[in-house]
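Residue numbers (the numbering used here): 187 to 747.
The structure appears right after this line, and notes come after that.
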C-alpha cells in the first residue's frame, strides 16, 4: 500500500509539473478598463512587418524580446518558470491602482522600473519606488504607453526594433527615435472574433520620391468596429481583392509587379522602396480585424485607391553599411587604422578614427564607391549621404573620379575635390544630411566610369572620428549601349570562349571591365578588324569601352563563356 501511495504521490507531482508547463492564452487589451490588479499579462511589441515579440528575461539593463505567434489579438504560449529562461516569455502581475500601476516579475521577485535619466534602462527592483509605478494609457487599437512616475526622465516603456538583430524592451524619453509602443495581453481571456471593420480609412494618398512611393492615410477611427490593421496592396496591373480567412503575407519584392504589406492601426503610412523606374503602380487599402484563418477584410462598396508613377531614374547606390563596407572598397594609403562597418543604437555606418593606443596617428584612408557607371552612364547623377563626427581633426573630404580603375592606388588617378558642395555634421556625433548634389554639374561625365570617395586623414596631433551612412546615388537619363554608339562598332562571336573580333571605323583606346567596374584588360585598337584573346577572363558579363581619337566613346557588352 505504501508503494502505491508513493506512486500516486509521484504521479501527482508529475501532473503538477505538467500543469505548471501548460500553455495559456492571452488576449490583447484595448481599454484601460481591462487593466486589473492581480491579473497576469504578457507585454508585447510588434515590428513593422507585424511580427510579435513578448518581453522575456531581465538582461543587465533591459528586457529580452522573444518572438511569439500572435493571431487575431491572442497569444497562446507556455510562459517561463525560471528567471534565466531564454525560450519562453515572462508573465507579469499588475498591482497598485490606475495612475500608479506596479508590474511584478515573480521569477525575479521584483518590479519593473525606469532605471535612469541618462541611460535607456528597464530594470527590476524590490522594494519598489515611484520609478516603478506606471501610468498606462491604452488606445483603442491596443497600443499602450506606460510612463513611470518617478524622477528618472527616461521613463516611457517601449519596444525597440530599430536594430532587427537585437530587439528589446527598455525605457526612453519622449524625444527618442524608439517609438514603437507596447501591448498588454491579458491571461485567461477567450479570443474574441471581431466583426468586419465598419469603415474604410480616408485620405489615401500616394507620393513619389524617385523610385520609392510613400502611402499615407487617416485611420478609420469611428464606427461600431475599428480595424485591427490594414492590408496595403500594390500592383502594376489590377488589384486582386483579398478574401476573408486567407491572410496575405508581406511581400516587398516588386520584381513581379505586385507588393503587399500589413500595417497596424495607428501607423498611417508605409513606404515601398526599390520600385521599377518609370512604372505606374496602383494601390488599394483594406482594413481588417482578427488574423490567420479568422481574418475579416472589409471589401464592400468602394475601397480606397491611389496610384503613382515612379521617376525615370535608376538607383545606383543605396548603402547603409549593415554588417560590412560592401559594395564600397576601403583603401589604406597610410597608417594602421582603417575604415570599418559598425553600428550604434540601431544605426549602421562606416566608421574611421585615427586615434588608437592612447594617441593620434597619421592616416590616409579612402572609402570608395563601386563604379556607378559599370552598366552604362547617365546624363545626371544625384548623390547624397549622412555624416556624423566628433573630436578635433581634419574634415572628411569627398572626391570624384571618372578614370579610376577600381583597384589601384587612388592617387595615381585624377580626382576632383567636391567636398564644398555638401553639408556636414556640426560635431558631437550629430547625424546630418549632406543635401543632394547633381554630379553632372561638377564635371563632365563619361558613360563608363564614375567613382566617389570619402577620404579620411589624421596626423599625430589630431584625429577626428567620422561616420558615414545612407549613401545614395540615382541616375537619370540612361545612356544605353545604342545611345553611346557615336561610331560604328561590331563584335563577334558573342558569347565567346576565346577570341573576340572587333570591327571599328576609327582608331581607339580599349578597356574591358567586369561587372564590378574593374579594368581587366587594356589596349590600342586600329581602324578595321582586331582580334582580342579573352580566354583568360573568368565566365561572366563584361563591358568593352572604346574611346576614339575624335573624343567619342562607345560601349558594347559581351559574355565570356
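Virtual Cβ for every residue (Gly too), placed ideally from N, Cα, C.
DSSP three-state label for residue i, please.
i: residue 596; result: helix
i: residue 684; result: coil
i: residue 746; result: strand
i: residue 482; result: strand
i: residue 510; result: coil
i: residue 671; result: Here residue 671 scores only 41 on pLDDT, less than 50, and its place in the model is too uncertain to base an answer on.
i: residue 605; result: helix
i: residue 611; result: coil
i: residue 317; result: helix
i: residue 424; result: coil
i: residue 493; result: strand
i: residue 349; result: coil
i: residue 366; result: strand
i: residue 732; result: strand
i: residue 578; result: coil
i: residue 257; result: strand
i: residue 441; result: helix
i: residue 354; result: strand
Between which two residues does the beta strand (DSSP E) harbouring residue i extend?
i: residue 337; result: It is not in any beta strand (DSSP E) - residue 337 carries neither H nor E in the DSSP assignment.
i: residue 416; result: 415-421
i: residue 215; result: Element bounds for residue 215: n/a, residue is neither H nor E.
i: residue 282; result: 278-283
i: residue 328; result: Note, residue 328: premise wrong, no beta strand (DSSP E); not H, not E.
i: residue 291; result: 286-291
i: residue 517; result: 515-520
i: residue 712; result: Per DSSP, residue 712 belongs to no beta strand (DSSP E) and is neither H nor E.
i: residue 538; result: 533-539
i: residue 526; result: 526-530
i: residue 487; result: No beta strand (DSSP E) contains residue 487, which DSSP labels as neither H nor E.
i: residue 241; result: 238-244
i: residue 249; result: 249-254
i: residue 617; result: Here residue 617 belongs to no beta strand (DSSP E), and DSSP marks it neither H nor E.
i: residue 465; result: That residue, residue 465, is in no beta strand (DSSP E); it is neither H nor E in DSSP.
i: residue 400; result: 398-404
i: residue 449; result: 444-450
i: residue 721; result: That residue, residue 721, is in no beta strand (DSSP E); it is neither H nor E in DSSP.
i: residue 311; result: 308-311
i: residue 273; result: Unbroken run through residue 273: none, as it is neither H nor E.
i: residue 748; result: No answer is possible for residue 748: it lies beyond the span of the chain, which begins at 187 and ends at 747.
Is the beta carbon of residue i less than 8 Å from the beta carbon of residue j?
i: residue 260; j: residue 216; result: no
i: residue 417; j: residue 472; result: yes
i: residue 258; j: residue 480; result: yes
i: residue 560; j: residue 699; result: yes
i: residue 541; j: residue 528; result: no
i: residue 580; j: residue 635; result: no
i: residue 475; j: residue 382; result: yes
i: residue 746; j: residue 677; result: no
i: residue 322; j: residue 330; result: yes
i: residue 618; j: residue 573; result: yes
i: residue 489; j: residue 554; result: no
i: residue 454; j: residue 395; result: no
i: residue 705; j: residue 685; result: no
i: residue 562; j: residue 664; result: yes
i: residue 722; j: residue 708; result: no
i: residue 302; j: residue 336; result: no
Mind checking who residue i pairs with in its DSSP beta bridge?
i: residue 624; result: 568
i: residue 640; result: 553 and 584
i: residue 503; result: 659
i: residue 677; result: 688
i: residue 373; result: 212
i: residue 472; result: 417
i: residue 590; result: In DSSP, residue 590 forms no bridge with anything.
i: residue 390; result: Partner(s): none; residue 390 has no beta bridge.
i: residue 226; result: 279
Can you tell me whether residue i is buried or exposed, with buried defined as 16 or more other CB within 10 angstroms of its CB?
i: residue 575; result: buried
i: residue 439; result: exposed
i: residue 432; result: exposed
i: residue 255; result: exposed
i: residue 615; result: exposed
i: residue 368; result: buried
i: residue 551; result: buried
i: residue 670; result: In this predicted model, residue 670 has a pLDDT of only 43, less than 50, meaning its place in the structure is not dependable enough to derive any value.
i: residue 666; result: Residue placement at residue 666 is flagged as unreliable, the pLDDT there being 48, under the threshold of 50; the coordinate-derived value follows with that caveat. With fewer than 16 Cβ atoms within 10 Å of its Cβ, residue 666 is classed as exposed.
i: residue 291; result: buried
i: residue 727; result: exposed
i: residue 399; result: buried
i: residue 451; result: buried
i: residue 612; result: exposed
Any heavy atom of the ligand MN closer than 7 Å to the beta-carbon of residue i?
i: residue 443; result: With respect to the ligand MN, the structure offers nothing, as it holds no ligand at all.
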